Amino acid sequence: MTDIMPPGLALKKVDERIMTLNVGPQHPGSGHMRIVVQIDGDYIVACDPDPGYVHRGEEKMAEYRNYITNVPHLERPVIHDSCNVLYPYVLGAEEILGIEVPERAKYVRVICSELNRCIYTMYWLAIYG
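Count along the sequence shown starting at 1, add 81, and that's the number in this note's numbering.
Right under this line is the structure:
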C-alpha cells in the first residue's frame, strides 16, 4: 500500500463500537446543514455540524465550476421560483466582474421576478388550498 492519499481523504483508527452517521441533505428531515454524529449504542458520543450542504449540495458543487455554468444548476432545486433564486446570484457575479447592465435589462429582471413570485404564490395556493 502506498503512503500517498487522494486529497480530502484521511484514514483514522476508529473504535469498533462507535458508528458515524451523516444526518443531512440525504436525510428526509429538513435543515440547512449536514450533521456528522458519532454514536455508541443509544448514546451520542460526538456531534459535528457541517454547514454548506444545502439544496442538494449545489453550494459545494458551485465552488468548482465557472460562474456561468452554475446558472442551470441553481435553477433546478426551485424550478417554480428560479428567477428569484438566480437574481441575487447574477447581481453578485456582475458586481464582482464589474459588468454594467443596461437600464432596460434591470426593469425586465424586476418584472420577471415579480411575475415569477406571483406564479409561485398561486402554485403554493393550488397545492395547499
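Heads up, the beta-carbon is just placed ideally off N, CA and C, and yes, glycines get one too. Owing to the predicted nature of the structure, the values given are computational and were not obtained by experimental measurement.
Below 6 Å CB to CB, which residues in the same chain sit around residue i once its five sequence neighbours on both sides are set aside?
i, result
"Q119", "I99, T101, V126 and A127"
"V159", "V166"
Quick one: what's got a C-beta closer than 8 Å to residue i's C-beta in the same chain, skipping five residues either side?
i, result
"G122", "R98"
"Y170", "N151, V152 and L155"
"T202", "none"
"V191", "none"
Please look up how many angstroms separate the CB atoms of residue i and residue j, rounded, as I've assumed it's under 8 Å.
i, j, result
"D131", "I149", "Going by Cβ atoms, the distance from D131 to I149 rounds to 28 Å, so no, they are not a contact pair."
"H161", "Y124", "That belief does not hold up - the Cβ atoms of H161 and Y124 are roughly 43 Å apart, past 8 Å."
"V182", "E175", "6 Å"
Give me whichever residues DSSP pairs with residue i in a beta bridge.
i, result
"Y124", "D121"
"P132", "M114"
Assuming residue i is part of the beta strand (DSSP E), what are its boundary residues?
i, result
"T101", "I99 to V104"
Between which two residues does the alpha helix (DSSP H) containing residue i stretch?
i, result
"G173", "S163 to L178"
"R198", "E184 to Y209"
"L140", "Checking the displayed sequence, the identity of residue 140 turns out to be Glu instead of Leu. E140 -> alpha helix (DSSP H) spans E139 to A143."
"V152", "V152 to E156"
I'd like the list of long-range same chain contacts for residue i, defined as Cβ closer than 7 Å, with 5 residues on each side in sequence excluded.
i, result
"C164", "C193, S194 and N197"
Count the other CB atoms within 10 Å of the CB of residue i; is the residue buried (16 or more) or exposed (fewer)?
i, result
"M82", "Confidence at M82 is low in this model, with a pLDDT of 49, below 50, so its placement is unreliable and the value that follows should be read with caution. M82 should be labelled exposed."
"C199", "exposed"
"Y209", "exposed"
"L172", "exposed"
"D167", "One detail in the question is off: residue 167 reads as Leu in this sequence, not Asp. L167 is buried by the Cβ-count criterion."
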